[in-house]
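*Asks:* Before we start, here is the structure in question, set down as structure tokens.
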Amino acid sequence: MLKLRNVHVKYGHVHALRGISLEIQKGQIVSLLGANGAGKSTTLKMISRLVEPNQGEYIVDGTNMLKKSSSDVVKAGIIHCPENRRVFPQLTVYENLKIGAILRKDKKQINKDFDRVFTYFPRLKERLNQLAGTLSGGEQQMLAIGRSLMGNPSYLLLDEPSLGIAPLLVKEIFEIIKTINQEGTSILLVEQNAHMALQISDYSYVLENGKIALEGQSQKLKNNDRIRQLYLGA
1 MLKLRNVHVK
11 YGHVHALRGI
21 SLEIQKGQIV
31 SLLGANGAGK
41 STTLKMISRL
51 VEPNQGEYIV
61 DGTNMLKKSS
71 SDVVKAGIIH
81 CPENRRVFPQ
91 LTVYENLKIG
101 AILRKDKKQI
111 NKDFDRVFTY
121 FPRLKERLNQ
131 LAGTLSGGEQ
141 QMLAIGRSLM
151 GNPSYLLLDE
161 PSLGIAPLLV
171 KEIFEIIKTI
181 NQEGTSILLV
191 EQNAHMALQI
201 SDYSYVLENG
211 KIALEGQSQK
221 LKNNDRIRQL
231 YLGA
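Note that UniProt numbering gives residue 144 to position 144 of the sequence shown, counting from 1, and the numbers run on in steps of one.
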């Protein structure tokens with residue numbers, strides 16, 4: 001289990017997270033919803049140890065992760081797929097994927113994970129020697145997720161996987177996210193597309209101004225009047 005308790009994060013005078021608590025059980029997809037500036041990406045950065053909390057607890061499977069570095073977090077199987085893809089544009093698809101496994105030593109399993117990524121995203125195999133910067137936005141998103149999978153995550157942190165890509169491709173990527181979860185990876189999904197996020201997740205949290213405003217089973221939240229008005233256009 002990945003658990004945050006009473007986490008506060010400040011950027012100077014800006015109080016970005018105001019005592020949030022959340023959990024990801026093994027095998028779950030948990031979605032984190034909210035408007036721009038609500039603190040969603042800050043939460044992922046804090047989990048990845050890219051941002052230091054001012055207060056709170058961060059525990060994974062009984063280990064205090066606040067004593068760990070960002071590279072320790074990756075070694076522990078917590079992999080962050082950032083917003084806006086952040087592929088290395090001057091490197092090939094293959095080189096980008098290889099970077100995802102840079103801390104790993106298990107060469108046989110790395111080769112299996114290449115095959116796994118190509119099963120999810122056949123287009124990446126077709127473009128293996130193509131520069132990442134020449135891919136379409138959707139293909140770059142596939143590459144970003146594939147690179148994250150090369151780290152062999154137990155917990156995958158996905159930040160806005162649908163951002164800036166065509167609706168048909170969004171549906172495909174969300175189906176792949178479901179498959180990744182069904183094959184054993186727990187997922188924390190930050191997503192503006194609340195309808196898709198609630199549809200595939202088990203449990204959801206709604207952030208407002210750095211606080212958890214609502215939480216519950218995703219199917220129940222889909223029928224919550226406040227959620228419907230704010231995020232589902234009802």
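Backbone N, C-alpha and C fix where the C-beta goes; we use that ideal spot for every residue, glycine too.
Under a CB-based cut-off of 8 Å, is GLU208 close to chain D?
*Replies:* The chain labelled as chain D is not found in the depicted structure, where only one protein chain is given.
*Asks:* Who are the near neighbours of ASN209 in its chain, counting only those whose CB is closer than 6 Å to its CB and skipping five residues on each side?
*Replies:* Indexing the sequence shown from 1 puts residue 209 at position 209. Closer than 6 Å at the Cβ level, and outside the excluded window around ASN209, lies no residue.
*Asks:* Can you give me the C-alpha to C-alpha distance between GLU52 and SER136, rounded to a whole angstrom?
*Replies:* Within the sequence shown, the letter at position 52 stands for residue 52. Within the sequence shown, the letter at position 136 stands for residue 136. Computed Cα separation, rounded: 34 Å.
*Asks:* So, helix, strand or coil for LEU143, using DSSP?
*Replies:* Your numbering for residue 143 matches position 143 in the sequence shown. Reduced to three states, the DSSP call for LEU143 is helix.
*Asks:* Taking the beta carbon of ALA38 as the centre, do at least 16 other beta carbons fall within 10 Å, making it buried, or is it exposed?
*Replies:* Position 38 of the sequence shown holds residue 38. Burial call: buried.
*Asks:* When DSSP labels each residue in this structure, what does GLU95 get in the three-state scheme?
*Replies:* One-based indexing of the sequence shown puts residue 95 at position 95. Looking at GLU95 - three-state DSSP - the assignment turns out to be helix.
*Asks:* Which of the three DSSP states, helix, strand or coil, is assigned to GLU126?
*Replies:* For the purposes of this step, residue 126 is taken as the residue at position 126 of the sequence shown. Helix at GLU126.
*Asks:* Quick one: grab the DSSP three-state call for VAL190.
*Replies:* Counting from 1 along the sequence shown, the entry for residue 190 is found at position 190. Three-state result, VAL190: strand.
*Asks:* What residue range does the beta strand (DSSP E) around VAL9 cover?
*Replies:* If you number the sequence shown from 1, residue 9 lands on position 9. VAL9 -> beta strand (DSSP E) spans 2 to 11.
*Asks:* Please specify which runs of the alpha helix (DSSP H), each continuous and at least 4 residues long, are wholly inside the stretch 150 to 232, giving them in chain order.
*Replies:* Those alpha helix (DSSP H) runs which fall completely within the stretch 150 to 232 and span 4+ residues are 167 to 182, 194 to 200, 218 to 221, 225 to 231.
*Asks:* Pick helix, strand or coil for GLY34, following the three-state DSSP scheme.
*Replies:* By one-based count along the sequence shown, residue 34 stands at place 34. Coil.
*Asks:* Find out if the Cβ-Cβ distance for the pair THR185, SER154 is shorter than 8 Å.
*Replies:* What you label residue 185 is simply residue 185 of the sequence shown in a count that begins at 1. What you label residue 154 is simply residue 154 of the sequence shown in a count that begins at 1. Against a cut-off of 8 Å, the Cβ pair of SER154 and THR185 comes out as a contact.
*Asks:* For ASN6, count neighbouring C-beta atoms within 10 Å of its own C-beta (all shown protein chains included) and say buried if the count is 16 or more, exposed if not.
*Replies:* Residue numbering aside, residue 6 sits at position 6 when the sequence shown is read from its first letter. So ASN6 counts as exposed.
*Asks:* Any idea if ASP96 is buried or exposed, counting beta-carbon neighbours within 10 angstroms, 16 or more meaning buried?
*Replies:* Within the sequence shown, residue 96 is the residue found at index 96, counting from 1. The sequence given here places Asn at residue 96; Asp does not occur at that position. Buried, because 16 or more other Cβ atoms sit within 10 Å of the Cβ of ASN96.
*Asks:* Quick check on the DSSP output: the beta strand (DSSP E) that includes GLN109 runs from which residue to which?
*Replies:* Position 109 of the sequence shown, counted from the start, is the residue given in the question as residue 109. Note, GLN109: premise wrong, no beta strand (DSSP E); alpha helix (DSSP H) at 107 to 120.
*Asks:* Taking the alpha carbon of ASN181 as the reference point, which residue from GLY56, ALA35, LEU149, GLN109 has its own alpha carbon closest?
*Replies:* Walking along the sequence shown from the start, residue 181 turns up at place 181. That would be LEU149, whose Cα lies nearest to the Cα of ASN181.
*Asks:* Check whether the Cβ atoms of LEU91 and ALA35 sit closer than 8 Å, and answer yes or no.
*Replies:* Taking the sequence shown and counting its residues from 1, the one referred to as residue 91 is at position 91. Taking the sequence shown and counting its residues from 1, the one referred to as residue 35 is at position 35. Contact: no.
*Asks:* Please state if the CB of ALA197 and the CB of SER71 are separated by a distance shorter than 8 Å.
*Replies:* Along the sequence shown, one-based indexing puts residue 71 at 71. Along the sequence shown, one-based indexing puts residue 197 at 197. It is not a contact, given that the beta carbons lie outside the stated cut-off.
*Asks:* Of all the options GLN140, LEU128, LYS178, SER21, which has the alpha carbon lying nearest to the alpha carbon of LEU207?
*Replies:* What you label residue 207 is simply residue 207 of the sequence shown in a count that begins at 1. Looking at the Cα atoms, SER21 is the closest of the given residues.
*Asks:* How far does the beta strand (DSSP E) with SER21 in it extend, from its first residue to its last?
*Replies:* Mapped onto the sequence shown, residue 21 falls at position 21. Run containing SER21: 14 to 24, per the beta strand (DSSP E) assignment.
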